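Input: a single structure, listed below in structure tokens.
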Amino acid sequence: MLSPSQTLVLTFPSQSESSTRSSQSQSSSQSSTKRKTKYLPDYTELYSEKLDSIHRCIQSLISEPTSAANSSTALYKSLLTCGLSELCNDVTLILRQMSHLQSKGWSSYIASNNAALKKAASDTFKFTEDLLKATEPSKNAQFAEIIQKGARFLRECVPTRNGRLIEYQLDFSKSSDAFLNIATNIETLLMDLLLEEEKHLHSLGQEETLSSQMGRMTLASVLN
């Protein structure tokens, strides 16, 4: 409590100080927004990283020993572990964002955007070629068929002339659909494998194990 001889002095910031702080706050907010905004080259980098992850996942699945490849239980667990359908869902969303940016067009950074388009098309073309080669001798016919079908559909999204890639062209919308189809087909395969496992576990009286496995499933869901 103040004594009668004491005076309480309140100091308010001057108008110029308030204006400076406000400008700094707005500038900081704008900079933060700019840092969070992703452009075509950013999405292309994410896209390429996801393609690499998908390729590694598929390569590991088809490289498993014959006994594991022919086991529905082993394939089911491997698919869940690597999260192949989730990776394909991620790529679907990335491609939709890239399609949106392409439809808006760009009046600046033309060179970097064209370079991003070229890289996306080139990476997609190589990705499909690698998948078709890798799954050709696969020991798991059902899984290989899903990948081969998806890769062939995806390759049609990359225009070629006389077997050579046409630069700067990739149908983002169709490519997105291709990855969504792969994700959906993988989830269908997981369900089929789970039903096989259900029959096996019921015969052994291990219903609790089945319930635990079902709880780990994440069905593919990408909104249109």
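Numbering (full-length UniProt numbering), first residue to last: 1 to 224.
All residues carry an ideal CB built from backbone N, CA and C; glycine is no exception.
These numbers come from a predicted model, not from an experiment.
query: What's the C-alpha gap between L132 and K104?; result: 33 Å
query: What number of angstroms, rounded off, separates the C-alpha of E187 from the C-alpha of K174?; result: 20 Å
query: Roughly how many angstroms separate the alpha carbons of S99 and T184, rounded to a whole number?; result: 21 Å
query: Under three-state DSSP, which class holds S32?; result: Per-residue confidence for S32 stands at a pLDDT of 47, beneath the threshold of 50, marking its modelled position as unreliable; no derived number is given.
query: For P41 and F179, what's the separation of their Cα atoms in angstroms?; result: 20 Å
query: Report all residues from its chain with a CB closer than 8 Å to the CB of T33; omit the five preceding and five following residues, and keep chain order.; result: With a pLDDT of 43 at T33, under the threshold of 50, the predicted position of this residue should be treated as unreliable, and no value is reported.
query: Determine the burial state of Y109: buried for a count of at least 16 other Cβ atoms within 10 Å of its Cβ, exposed for fewer.; result: exposed
query: Can you give the Cα-Cα distance for L193 and C88, rounded to whole angstroms?; result: 19 Å
query: Taking C-beta to C-beta, are S122 and L165 nearer than 8 Å?; result: yes
query: Do Y47 and A120 have their beta-carbon atoms positioned less than 8 Å apart in this structure?; result: yes
query: Please determine, among I62, N114 and T92, the residue with the shortest C-alpha to C-alpha distance to Q148.; result: I62
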